Structure formats: C-alpha cells, structure tokens
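Protein chains in written order, with the working numbering: chain H, 1 to 351; chain V, 1 to 381.
Note that beta-carbon positions come from the ideal geometry of N, C-alpha and C, so glycine has one too.
All of these numbers come straight from a predicted model, not from anything done at the bench.
Taking it in order: structure first as structure tokens, then the write-up.
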Amino acid sequence: MATKQLVAKVWIEDGCIVCDACETSAPTVFQVTDDSCVIRPEALNAEFTKPLTDSIEEAAEECPVDVIKFETVAGEAPDAAPEAAKEAAEPAPASAPAAKAATDKSPVPVAKAAEKSPKVPVAVDPDPSIQALLRAATARGGAAAISRSDEHATAALQSLGKKPASELPPDGRQAKVMAATTGRGKAGVTRRGVLAGSACGVGWLSVAGTGAVSGLAFQRFMMPNVSEEEDPRVRVGPLEVFASMAPGEVNEVTKPVGFWIIRVEDRLSALNIICTHLGCIPSWLPNDRKFKCPCHGSGFRPNGINFEGPAPRPLERFRISVLDGIVVVDRSKKFQWEKGDWDNPECFIEV
Amino acid sequence: MTEMLSAGSSLLAADDSNAIKDAINALCAPHWFFILSCASITVFMVGYRRFTKPGFALFAVVGFTVFYALSALDSDFRSIIAKPDNVPITMMIYLVGFFVWLSFRQAAINDQNTEMGRPLSEAGSDDKVLVWPDLVYIELIALVLCMVFLTVWSVVLRAPLEQPANPSVIPNPSKAPWYFLGLQEMLVYFDPWIAGVLLPGLVIVGLIAVPFIDKNPRGNGYYTLRERPFAIGVFMFGFVILWVVLIVFGTFLRGPNWNFFGPYEFWDPHRPAALLNINLAEIFWVQWLGRGIPMEGWGPLPTFMVREAPGIVLLSFYFFVVPAILRYTIFRKLGAQMGFVRYALMSQLFLWMVFVPIKMVLRWTLNFKYFVAITEYFLNF
Chain H
1 MATKQLVAKV
11 WIEDGCIVCD
21 ACETSAPTVF
31 QVTDDSCVIR
41 PEALNAEFTK
51 PLTDSIEEAA
61 EECPVDVIKF
71 ETVAGEAPDA
81 APEAAKEAAE
91 PAPASAPAAK
101 AATDKSPVPV
111 AKAAEKSPKV
121 PVAVDPDPSI
131 QALLRAATAR
141 GGAAAISRSD
151 EHATAALQSL
161 GKKPASELPP
171 DGRQAKVMAA
181 TTGRGKAGVT
191 RRGVLAGSAC
201 GVGWLSVAGT
211 GAVSGLAFQR
221 FMMPNVSEEE
231 DPRVRVGPLE
241 VFASMAPGEV
251 NEVTKPVGFW
261 IIRVEDRLSA
271 LNIICTHLGC
281 IPSWLPNDRK
291 FKCPCHGSGF
301 RPNGINFEGP
311 APRPLERFRI
321 SVLDGIVVVD
331 RSKKFQWEKG
341 DWDNPECFIE
351 V
Chain V
1 MTEMLSAGSS
11 LLAADDSNAI
21 KDAINALCAP
31 HWFFILSCAS
41 ITVFMVGYRR
51 FTKPGFALFA
61 VVGFTVFYAL
71 SALDSDFRSI
81 IAKPDNVPIT
91 MMIYLVGFFV
101 WLSFRQAAIN
111 DQNTEMGRPL
121 SEAGSDDKVL
131 VWPDLVYIEL
141 IALVLCMVFL
151 TVWSVVLRAP
161 LEQPANPSVI
171 PNPSKAPWYF
181 LGLQEMLVYF
191 DPWIAGVLLP
201 GLVIVGLIAV
211 PFIDKNPRGN
221 GYYTLRERPF
231 AIGVFMFGFV
241 ILWVVLIVFG
251 TFLRGPNWNF
261 FGPYEFWDPH
271 RPAALLNINL
281 AEIFWVQWLG
291 RGIPMEGWGP
301 LPTFMVREAP
311 GIVLLSFYFF
321 VVPAILRYTI
331 FRKLGAQMGF
341 VRYALMSQLF
351 LWMVFVPIKM
361 VLRWTLNFKY
371 FVAITEYFLN
381 F
C-alpha cells in the first residue's frame, strides 16, 4: 500500500477574484458565486476531498491569486483504498455523475475516516442539515445545491447559514461566505459595491456633464455671431401718394420690403406679405381682387381676411404712422385680427 | 388600328378643346380622379389573376404609352411632362406600375399553385449568390450604368435653376421637390403642424409598429394576395394612393395659385376659382340650426368649446366609438386575434390613414375646411 499526502481540508482565503478557474478544475469542490468562491458543503468532508487530491492541488496551483489553501494528511493511495473509499475515489476525474456515486456513500467513509485520522477537524457526527444538502445536491446533479440567488437556496443550506459559526465546520471564511450566501440582498456595504457604485456614479456624471456642455455649445451655435438686422422702420413715401388710393386698392410698391399698403374704407394699413399658413408669399390678383398663395392655395381678401385654402388666420398688419408728412411702417410690431388688434390706432392711418 | 391612332392623335393634338379632352379634363377633377384611382386599384386587386396575365399587362403598357404619347401632342400637357423637374414623374409612373404588376403577378401564380396543391414558386429555390464575384460584379455594373444614366441626364436636361430669390417675383405655382408633392398636397387640407409633423410622424411610427401590429407569419418569404388581402390592401391604399397618386396630383393637376387644372387645360393664373371654405361650426350653427355662431362660453366651457362642440363630438365619435363598432363588426376576427392594445394601435393608425382622404374629398366636394377650428390655439383638424 502506497502512502501519499491526501487533502483532508480545503479552504479559501480572502482575495478571491472570482475567476472560475478552480471550479473548472474541481467542480465538485469549488463553487464560484457572484462575488466569491465557496467550498461546496459536501467537500467539507475529508473523505470527500481525499480522492480529489489531484484536482484540488491542480486548482490551488492554477489559482491566479493563490488563495486556495489545503491541509494534507498521510493516507493510502486511492488504488489501495477500502472498498467504500475506492468507490469514493472514482469521482477523481471530477465528473458529476461520479460525484453523485461518491456522495451517496459518503456517510460510511466519514465514520471510517474519523477512526483512522482523528486529527482531521471534521464533525464526527455529520450535521443532518449537511446530509440533507448532500442529498439535495446529488438529486439535482451535484451542481445545483448552492444556487447563486437566495430564493433558490435549499432549506438545508439556509438552516446552515443560520447556525452560529462555532457549530459550523472549522473554516471561518467558509462561515462568512455561507452567511453572505444565505443572507444575500441584505448584505451590508461591500468593497465591490462601493467601487461599482462610485464607478457608476462617475460614469453617469460624466455623461450628464458631456450632455450639458454640448447642450450649451449647441445653444451658442444657434445664436448668430453677428446680428445685423436692418432697421425695421421703413419710410415709404409722402402721405399724399397713398391718401389718393381708392378704398379697397392695394399698393404693391413696398412688396420687396415685406408689406403691401392697403386702403380699407378710409384707413391706410401695412399688410404683411407672409402667408399665415406656412410662410410663402402670396400674389395680389387684381382681377380676382384677392391675395392668392402659390404654395397651398390660401386666399385672402383685399383687407387680409382669409377666406379660402388652408390659411388658419388673416394676414398680419404692421405698425404705421405719419412723420413729417412721410408714411413710416415699423415692421417690428405686428397686429393680428384674431386678437382684435386691427382697431389699434397704431395699426392704421385715417385719411 | 392606324386609323384609330390617327383619329386619336388628331383629337388630342388639336390645341382647341374638344369632346374627348373635355371628358378627360372632367374626369381629372380631384374627387373623380381620386375615386377612380381607388376604384381601379380595388378592381385590380379583386381580379388580379386576370389582370396580371402578361397579355393584359402588355396591353395596358402599350395602351398607356400610346395615350401618354398622344397626350404629349397637346401643348399644355407637353409643357408639364417636358419640364425637367417632372421627368422623374414619368419614370415613377412606369416603375410603380411595373413593380405592382410584378408582385401581383407572382402572388397570382403562387395563389394558384396553393389552390392546386402544388408547391410555391419560391419553394426550394436557393437565391443565395456568392459575394465575390457575383454580387460585386452586379454592383459594379449597376454603378457604371447609374453613372452613365445620371451623366446623360445631366447633359441632356437643363437643371431647373431660376434667378435669385425675390419676394416680388414668386414662382406660381411654387412646388416642392417631386417626391414631397404628396406632403404638399396634404398641407392644403390640414394645419401645418398636422400635415407637416403629426401625419408624417404617424406614418413613421406606424411603419415602425408594423412588426408589433402584424404578427401574421403568412406571406413571409413568398408572394401571396389570397392570404393577406387586408394587409396588402392597406399598403396599396397608403402607398400607391396616398403617396404616389398625390404626387401625380401635384404634378399634373395643380396649376397657378395652387388651383386644380385638367391635364389639357391652359395654366391661366387669372382663371377665377371660387373656393369659399366653411368650417363644420358654420354648417352646424348657421346652416342647420339657423342661428349665429356662438360667441360666448357656456358655464365653465370657453367659447371655442361651445363653438366647436359639433366637430369635437364628431371627431371623438370617429376616433373612439368607431374603433369599438369596427371591433364587433368588420374587424371581429382580427380584433379577437390581436388583443386590446394591438387592436387599439392598429385601429387608430388605420382611422388616421382614412381620415386624410375623407377630409380631402369633403374639401373638393363641399369646400369643407375644418371639423374643429380652434384658431385661438392653432388646433385645426
């Protein structure tokens, strides 16, 4: 019988980076959770880990941060193990169905191992909750006992998590991870949470900052660099010229500067040439006595009231006044019929 | 045949008016043109197996081309189609006609195959090609041909450029680019923000929503009309009628001052056209009730709510009660399949699509302006 150093206890120290390497090497021993790596409950048993010595050592070597630690005891090489241990040795290649066979038999080797190596700090009388967990694990293919979320943790695992650390297998780290696993969601401030939260905050703040800066830049872009507006006031001509217009007449001389001079009864007004529908410029049709827009067919009476086509409201009028006998039109002030502005004295000249 | 052609050419080429030209001009009155377009699409879709036969299609193409060519002898019509701006319209008419025919032809073949229990014409066909060399060669050839086509076009036809913009000299009519003539036509009947923002937005939203609304897998990957008459009918109405036909409207029928002219009519900017528009409020309060338009509010209701009450009630009925009625009549089966949310979305989009031509026909026939005209807040429907 060849003797060999066999792994009796395996644990994980602080500093796991959740890389999944150990679970790949020894899936029946390690389970990588969301934020750490735990030893599966069944692997807290020395008789379970002994046959897996090779894969555990391999995992410990492969661990990039060297946090996998194990204790070894002198033991028989697997090939000469008793019948039960031999069966237990079969899962060494770490296949799930083989592990199932091993865990099914586990109560027996545990008792034997306790006789043989009393130093091994494993509970002599297996905890019933661990046994229940092992059965659950084997029933579900060996890999699903510890789910990554609280809801899916089995009742056995949850009861395990509620035990004080002294009743748990002697691995403080393990107890902490267990507690964190069972109490997930209620766990307090973690380093990972703080880092992730602050990274998230910085990210969103920079998005908001970029947005704000580009918004300001865009607003600046919408403003003209130079605002050179011509004087909105136009000196149109002597009053006598327009006073001689007949009622209902339209004077087109001022169309290039943006308005018609119209006479409605005994009032002279300046009518804006911009159509109130979509801003085209209507034509004055003297035969039909109407303004007619060439874009969408809006029609306006000689006084500017809309009567056909889509224009929703009459043409606007500008402020008009007489200064030293000269008619002056101020295009910066508009008068709208629907607001009752046309009777405003600034909107017409009485002739 | 030759005699018919010469007779036709002499009729259409004569610049003075005659019975045939007058009849065609009369049929091109907007409401007749629109109704005839809808009717011909419907007839085509009902009898698609007969009308897509190659012999009939050839007859239609030759007949239309002869008619178009003879029409070009008329100086007014020629001045429209010979304008460089309008050359794409002629291409569009032929291309849309061809592709509509092609898809319906394949649908007719497939539907017949399905009825006889034969496999679809697409079944088992593997139309995958290699990128290199097949696709790249085709793309190269297409690129060269497009280049040649555009070069020849730009050399032969003058770019329709005009003198610098001048508020005193306005092009009359002022037309949008040919592909936007449908939108410009809609602007005649609606407020700018409805025709220019809401309706195009609904078109885009509706197209985005199509995969959500229409989960029916029939017709995926093969042509058919028999299995999808409603979906294809809606597409034909929304695209061919409300987009292509409106472009044809804007090109051939809209003349100076944005008045309607027949295709053989002289575009006289001084032709009188009385288009005194009236709102629903005027029809209801003045013509039907014989009293004036209400000028005061009623209790807490502001004036415009009282004034526009008939239009608000009518539109609410149209958009909220009509879908419910349709749900238990015409769309009974469809509504049960779709569930509430999808049916509500589909019915709203559908009713908006139908709302546009309803309003247009009312404008042409009754000089109807707005159902609801709240000019105080620029809300005119």
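Worksheet item: If you follow the beta strand (DSSP E) that H/I261 is part of, which residue opens it and which one closes it?
Response: 259-264
Worksheet item: Short check: CB of H/F318 to CB of H/R331, under 7 Å?
Response: yes
Worksheet item: Measuring CA to CA, which of H/L216, H/V65, H/K50 is closest to H/T72?
Response: H/K50
Worksheet item: DSSP state of V/V43, grouped into three classes?
Response: helix
Fill in: V/W267 in three-state terms, based on DSSP
coil
Item to complete: For H/Q31, count neighbouring Cβ atoms within 10 angstroms of its own Cβ and tell me buried if that reaches 16, exposed if not.
Response: buried
Item to complete: Report yes if the CB atom of V/V372 is closer than 7 Å to the CB atom of V/F378, and no otherwise.
Response: no
Worksheet item: Going by beta carbon distance, what residues of the same chain come within less than 7 Å of H/I12, once the five residues before and after it are set aside?
Response: C37, I39, V67, I68, R173
Item to complete: Using three-state DSSP, classify H/A43 as helix, strand or coil.
Response: helix
Discussion item. I'd like the list of long-range same chain contacts for V/I109, defined as Cβ closer than 6 Å, with 5 residues on each side in sequence excluded.
Written reply: S121
Item to complete: Consult DSSP for H/A94 and reduce its assignment to one of helix, strand or coil.
Response: Any reading at H/A94 must be qualified, since the residue scores a pLDDT of 41, below 50, and its modelled position is unreliable; no value is offered.
Fill in: Every unbroken alpha helix (DSSP H) inside the stretch 211-280 of chain H [4 residues or more]
239-243
Practice prompt. Answer with yes or no whether the minimum CB distance from V/V188 to chain H is below 7 Å.
Written response: yes
Worksheet item: According to a CB-to-CB cut-off of less than 9 Å, which residues of the stretch 150-184 of chain V neighbour chain H?
Response: N166, P167, S168, I170, P171, N172, P173, S174, K175, A176, Q184
Worksheet item: For H/R235, which residues of its own chain have a beta-carbon under 7 Å away from its beta-carbon, when the five flanking residues on both sides are left out?
Response: I326, V328
Fill in: Endpoints, the beta strand (DSSP E) within which H/L323 is located
317-323
Worksheet item: Buried or exposed: V/C28, going by 16 or more other Cβ atoms within 10 Å of its Cβ?
Response: buried
Worksheet entry | Check whether V/Q184 and V/G97 have beta carbons under 7 Å apart | no
Worksheet entry | Other residues of its chain near H/W337: CB distance less than 6 Å, five sequence neighbours each side excluded | P314
Practice prompt. Go to V/F340, then tell me how far its alpha helix (DSSP H) extends in each direction, as first and last residue.
Written response: 340-366
Discussion item. Let's test the definition: count the other Cβ atoms within 10 Å of the Cβ of H/C22 and tell me whether it reaches 16, buried, or not, exposed.
Written reply: buried
Worksheet item: According to DSSP, what are the bridge partners of H/T72?
Response: H/V7
Worksheet item: Does the distance from the CB of V/V306 to the CB of V/W298 come in under 7 Å?
Response: yes
Worksheet entry | Pairwise C-alpha distance: V/N86 and V/A19 | 27 Å
Item to complete: Could you name the residues of the same chain whose beta carbon sits closer than 6 Å to that of H/G382, not counting the 5 residues immediately before and after it, in chain order?
Response: A query on residue 382 of chain H cannot be resolved here, the shown segment of chain H reaching from 1 to 351 and no further.
Discussion item. Taking 7 Å as the limit between beta carbons, can you name the residues of its chain near H/R289, skipping five residues before and five after?
Written reply: P302
Worksheet item: Tell me which same chain residues have a C-beta within less than 7 Å of the C-beta of V/F104, skipping the five on either side of it?
Response: Y48, T52, L225
Practice prompt. Following the continuous alpha helix (DSSP H) through V/D111, name the residue where it begins and the one where it ends.
Written response: 87-116
Discussion item. Can you tell me which residues form a DSSP beta bridge with H/F291?
Written reply: H/W284, H/F300
Discussion item. Buried or exposed, going by whether 16 or more other CB atoms sit within 10 Å of the CB of H/K9?
Written reply: buried
Item to complete: Note down, in chain order, all residues in the stretch 329-344 of chain H with a beta-carbon under 8 Å from any beta-carbon belonging to chain V.
Response: E338
Item to complete: Give me the Cα-Cα distance between V/L301 and V/I283, rounded to the nearest whole angstrom.
Response: 21 Å
Discussion item. Below 8 Å, how does it come out for the stretch 174-193 of chain V and the stretch 340-354 of chain V: are there three or more Cβ pairs, yes or no?
Written reply: no
Worksheet item: So, are the CB atoms of V/F64 and V/S71 less than 7 Å apart?
Response: no
Worksheet item: Start and end of the alpha helix (DSSP H) containing V/K21?
Response: 19-27
Discussion item. If you follow the beta strand (DSSP E) that H/E308 is in, where does it begin and where does it stop?
Written reply: 306-308
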